[in-house]
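Chains as they are written, first to last, in my numbering: chain A, 716 to 1043; chain B, 960 to 1273; chain C, 30 to 361.
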Amino acid sequence: MTRYILQRLLQMIPVLLGVIILAFVLNEVAPGDPAVLLAGGESATPEAVAKIREELKLDDPFIVRFADYFKKMVTEGNIGTSYKTRQPVAVEVAHRFPQTFKMAAISAIFASIIGITLGVLSAIKQYTFLDNLISMFSLVGVSMPVFWSSLLGILFFSIHLRLLPSSGFYTWQHWLLPCFVIGTSMAASVVRMTRSSMLEVIRQDYIRTARAKGQSERVVIFKHALKNAMIPVVTNIGMHFGVLLGGAVIIETVFVIPGIGKYITDAIRNRDYPVVQGSVLVLALVTCCVNLGVDLLYAMIDPRIKSQYRGMAKFKKKKRGLTEGGIR
Amino acid sequence: MPKMSTPAIEAFQKKQKARPRLAAGQGKENAESVSVPLWVESWRRLVRRPTAVLGMIIFLALVSMALFPSLIAPEGYDNQQFTRLFLPPNGQNIMGTDNLGRDVFSRVVYGASYSMRVGFFAVLSSCLFGGVLGSIAAFYGSRVDNIIMRFLDIILSIPSILLAIAITSVLGASLTNLIIAISVSDFPHYARIVRASILGIKEQEFVEAARAIGASDARIIFRHLLPNAMAPIIVQATVGLGMSILSCASLSFIGLGIQPPLPEWGTMLSTGREYIREYWWLVVFPGMFIMLAVFSVNLFGDGLRDALDPRLKR
Amino acid sequence: MTAKDSGGTKFLQVKNLIIHYETDNGVVEAVNNISFEMNRGETLSLVGETGAGKTTTALGILSLVPNPPGKVIGGEIILDGENLLKKNAPQMRKIRGNKISMIFQDPMTSLNPIETVGAQIAEVIRLHNKVSRAEAIQRACDMLEKVGIPAERYTDFPHQFSGGMKQRVVIAIALACSPELLICDEPTSALDVTIQAQVLDTMRQLKDEFQTSMLMITHDLGVVAETSDNVAVMYAGEIVEYGTLRQVFKDTRHPYTRALFDSLPDIGKDVERLAPIKGMTPDPSNLPACCSFYNRCSHRTERCAQIDPKAYDAGDGHLVKCLLAGGEVREP
């Protein structure tokens, strides 16, 4: 397993490098002269602009500046400086990110539990009224924009019923509505994934084998089918965590939650590009790490992946590749 | 040519059955029964699904709103009348009026064209770009494949809505930039799907068989590879259309898409949000149309996926 | 109505079994009113082309016909005097894997990819025997050894095995509870020819050891000749010829069975070309009202297009569903 983890970590390096280059390039092509913006906008004196230009070495060639940016990032963890506050982006992100992550994590757990349960239920009751009902609701769920369902949530729970606060992120009551909204939206897609994955697995021959053994339907579904069906679902939930973080960006503006998403949208309004790029970079990094975690989990469930990274594995893999057309 | 052993022939037949194009004339069906082309067969199966037909009808209604808004909307989208600010839904203005006294229903009708345009062009461009990259990766394999796939991994590691945010924030908010941003963040999905399906088909025996009977490369590509790779691409395109409409509305909602006073649905929501405490209709109706658009596309897409999946044929 | 009447009650009797699949494209008549019998310890082969309804018959015996779309329309399946079609789900579960086991066609997909092979064998042992975990593992190891796999491989996963080895594991699962009836659905057709013989050998040995009756489903007449006591030839959901191995192989009566033999290569004969059976099996969702083999039969007469022949006894329980055997039509 250690080898597998190492290999996956190594694979992450070029991807992260690419993300860093992408973020840097986006920052480069952003409209406006950063020196002018840093000096205080259009009203800045030419001297002040020139001074900042000198300070930030803005006249250096692209490669030199990138190397400098990269060095600072690796050694100091500096991912840019806000034009507006002149504060390092990293500090602000470190301060705000936990809020966003907490919200995303709670929603993801909520979504997984609800989504997998309903998905399995829907699959084993295929073509019944219950299945149709769950399928319809999940389809509506994935079609609702999260910012709209948040607004509806506020309309109903905060304004109409006066039960929950509509903004901020301080007490558990504050968490309830945003997590519920993101959670249900994600649960809807988990339901759909689980259902189709279960239906796929239930058709497999080994499920028939399990039934032919005289195994009860409950064990067939939960032991044989569900475990196999979970493999693609887990990967998909992992991949959706990135979508979740992206959704959080929008949700935070609705609920005025002081997380990284609110930071980004405020920065967009102020044309504070380093903040946008820096935050996107951090979120991409987190998404990569989550995906790595999911892959490890995947390897733990699926022995076929695990054994690829053990001792004789390479030879066996080749041999199988010849006789069976590779592993599935 | 070496003689095929019984197991090999069986495996061959089995795989052929799993393939849509070849399945039509085989298996259960008799030699005498006329085999219909896959597309006709799939279409028939599609229209037999009431939900898919419902999705299609809603979607066509929205498309006609987008194409001929002036025929459907009672007023223009920027018809400000300060004598009727914030009217709740009534006989005259079925969805009420907004902060500038504009008819919300008319604005919603005009709004359809933005979502449809962004959705359509974003899907078209990411389909083309992703399709070409994906096929190149699959056809040339090894190093080319590796480089392209690593490049796609980079883009995929950034949550797509975030990438779209980053791009539009740099390029500036406009319809074209919206399309560019959404296509750039979406095309890797298409590339991956095209690559995967072509890789899967390239190695199958029926392609080898076609090669063995002397079919030209062009014939193999157009008669065997592409038709079999089309189904997943089409399904992805419908899903992508829904996603693009959502992205368009999301970006406009946070101020990076279509700017007011243009009546894009997300933009309308963004404005309506400020009046949410008193005037619910400014929030409910535009959002409902976003949902309706995405929902209809998804309904249709689900039906299409089932219709194109030969294993679901009963 | 018997192939080899030995008196007394039969071990397995299938009477007038009808199984349909109700699909979007109409009703597929997969199994059409078939009957056969087996004595304890005997092997009966069901022979026929792909789509003749062999597998559906087997699944019907285990009550495992996928429903929807499959449905047992009528008939009786009597095992040891009890009608299996009258049993409820829990009763059937006690029989499956215990009294009746099944070996499936494709070993590549018949094993759960994320469970160790040992656990999959132990599972069936624990299901039908009151044994401790340790004992179940021990017995599973014994079973592995019996089918020719070292017990150390208990903890291996299916993907670490070759096709032949996987089929051995499937056999071990099927035989783990010493079933009285073993149904083998083309157990060797997904395997390499060299492995086929080994696997068949193992099966035959174990069958003798466990005193098991066997229902062998195959399209390979060689396998039939090697393993069976009685043979039933299926065509389009019906049994067209039924008798002892000797009756069917040496005294072949039905034109379809004859055609099957003619399409086989024979080392002893020097022929230019093999004789394939012309045409295709009829569409099972649209079976003709007459003899279902009519359109491909080289002996057909006008009379054949008019009636669906019943099964005639061609002597000593050798049943043939053809007018030729009934003497109504003379051989041309």
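Glycine included, C-beta positions come from ideal geometry on N, C-alpha and C.
Quick caveat, the model's predicted, so the values are computed rather than measured.
Query raised in the report: Which word fits A:W887, buried or exposed, when buried means at least 16 other C-beta atoms lie within 10 angstroms of its C-beta?
Result: exposed
Query raised in the report: Which of helix, strand or coil does DSSP assign to C:V349?
Result: strand
Requested in this report: Name, going along the chain, the residues of the stretch 278–293 of chain C whose beta-carbon falls closer than 7 Å to a beta-carbon of chain A.
Outcome: none
Query raised in the report: How many angstroms separate the CA atom of B:P1079 from the CA atom of B:I1139?
Result: Just to set this straight, residue 1079 of chain B is Phe in the shown sequence, not Pro. Each residue's Cα considered, the two are about 12 Å apart.
Query raised in the report: Relative to the C-alpha of C:K115, which residue among C:L210, C:D295, C:I102 is closest?
Result: Comparing Cα positions, the closest option is C:I102.
Report task. Closer than 7 Å by C-beta to C:L316: which residues in its own chain qualify, once you throw out the five before and the five after it? Chain order, please. Result -> Excluding five sequence positions before and after C:L316, the CB atoms of its chain that fall closer than 7 Å to its own CB belong to E58, A265, given in chain order.
Query raised in the report: Going by beta carbon distance, what residues of the same chain come within less than 7 Å of C:D185, once the five residues before and after it are set aside?
Result: T145, V146
Query - Proximal chain A residues relative to C:G193, where beta-carbon distance stays under 7 Å - result: In chain order: nothing, as chain A lies at least about 11 Å away.
Requested in this report: Flag this pair as yes or no: are the beta carbons of C:T256 and C:L204 separated by less than 9 Å?
Outcome: no
Requested in this report: Identify the contact partners of A:P761 in chain B, using a Cβ-Cβ distance below 7 Å as the criterion.
Outcome: In chain order: nothing, as chain B lies at least about 26 Å away.
Query raised in the report: What residue from A:L867, A:L996, A:S850, A:Q930 has the CA that sits closest to A:V677's CA?
Result: The structure shown does not extend to residue 677 of chain A, since chain A spans only 716 to 1043, so no value can be given for it.
Report task. Counting only the same chain and skipping the five closest in sequence on each side, list residues whose C-beta sits under 7 Å from that of B:L1005. Result -> These residues qualify, in order along the chain: A1011, G1262, L1263, A1266.
Query raised in the report: Can you list the residues of chain B that A:T1002 reaches, using a CB-CB cut of under 8 Å?
Result: The contact set of A:T1002 on chain B, defined by CB atoms closer than 8 Å, consists of S1116, I1117, P1118 in chain order.
**Report entry** Integer Cβ distance of A:L892 from A:G868, believed to fall under 8 Å
**Finding:** 5 Å
Requested in this report: Name, going along the chain, the residues of the stretch 142–162 of chain C whose beta-carbon falls closer than 9 Å to a beta-carbon of chain A.
Outcome: Taking 9 Å as the upper bound on Cβ-Cβ separation, chain A lies near residues P142, I143, E144, T145, Q149, E152, V153, L156, H157 of the stretch 142–162 of chain C.
Report task. Following the continuous beta strand (DSSP E) through C:F65, name the residue where it begins and the one where it ends. Result -> Looking at the DSSP string, the run of the beta strand (DSSP E) that includes C:F65 is 55–67.
Query raised in the report: Given that B:G1214 touches chain A, what residues does it touch there, using C-beta distances under 8 Å?
Result: T980, I983, R984
Report task. Reducing DSSP to helix, strand and coil, say where C:E270 ends up. Result -> DSSP places C:E270 in strand when its eight states are reduced to three.
Query raised in the report: What residues in the stretch 1216–1234 of chain B have a beta carbon less than 7 Å from any beta carbon of chain A?
Result: Answer in chain order: L1228, R1232.
Query raised in the report: Taking the C-alpha atoms as reference points, what is the distance between A:G961 and C:N54?
Result: 45 Å
**Report entry** A:A820: first and last residue of the uninterrupted alpha helix (DSSP H) it sits in
**Finding:** 804–839
Query raised in the report: Got a sec, what are the start and stop residues for the alpha helix (DSSP H) A:H875 sits in?
Result: Here A:H875 belongs to no alpha helix (DSSP H), and DSSP marks it neither H nor E.
Query raised in the report: With 16 as the cutoff for other CB atoms within 10 Å, does B:E991 come out buried or exposed?
Result: Confidence is the limiting factor: at B:E991 the pLDDT is only 37, short of 50, which leaves the residue's position unreliable, though a coordinate-based value still follows. The residue is exposed, with fewer than 16 neighbouring Cβ atoms inside 10 Å.
Report task. Just the C-alpha distance for C:D95 and C:M309, rounded to the nearest angstrom, thanks. Result -> According to the sequence as given, residue 95 of chain C is Pro; it is not Asp. Those two C-alpha atoms are separated by around 26 Å.
Query raised in the report: With 16 other CB atoms within 10 Å as the buried threshold, where does C:P179 fall?
Result: exposed
Query raised in the report: In its own chain, which residues sit with a C-beta less than 8 Å from the C-beta of A:V935, not counting the 5 before and 5 after it?
Result: I922, A925, R926
Query raised in the report: According to the neighbour-count rule (16 or more other Cβ atoms, all chains shown, within 10 Å of its Cβ), is A:E932 buried or exposed?
Result: Burial check for A:E932: the Cβ neighbour count within 10 Å stays below 16, so the residue is exposed.
Requested in this report: Could you name the residues of chain C that A:N847 contacts, counting a contact when the two beta carbons are closer than 7 Å?
Outcome: The premise fails here: A:N847 is roughly 15 Å from chain C at the closest Cβ pair, so nothing lies under 7 Å.
Report task. Could you pull out every residue in the same chain whose Cβ sits closer than 6 Å to the Cβ of C:F190, ignoring the five residues on either side in sequence? Result -> none
Requested in this report: Could you check the C-alpha separation between B:D1104 and B:F1098 for me, to the nearest Å?
Outcome: 8 Å
Requested in this report: Whole angstroms is fine: what's the gap from A:V1005's alpha carbon to A:V949's?
Outcome: 11 Å
**Report entry** Close beta carbons around A:Y1013, own chain, < 7 Å, minus the five adjacent residues each side
**Finding:** I946, V949, T950, I1020
**Report entry** CB-CB length for C:D280 against C:H328, believed under 8 Å
**Finding:** Cβ atoms of C:D280 and C:H328 stay farther apart than 8 Å, at about 16 Å.
**Report entry** Exposed unless 16 or more other CB atoms sit within 10 angstroms - verdict on B:A982
**Finding:** Per-residue confidence for B:A982 stands at a pLDDT of 35, beneath the threshold of 50, marking its modelled position as unreliable; no derived number is given.
**Report entry** 9 Å Cβ cutoff, B:F1259 in contact with chain A
**Finding:** So, not an interface residue.
Requested in this report: Could you pull the start and end residues of the beta strand (DSSP E) that C:I246 belongs to?
Outcome: 242–247
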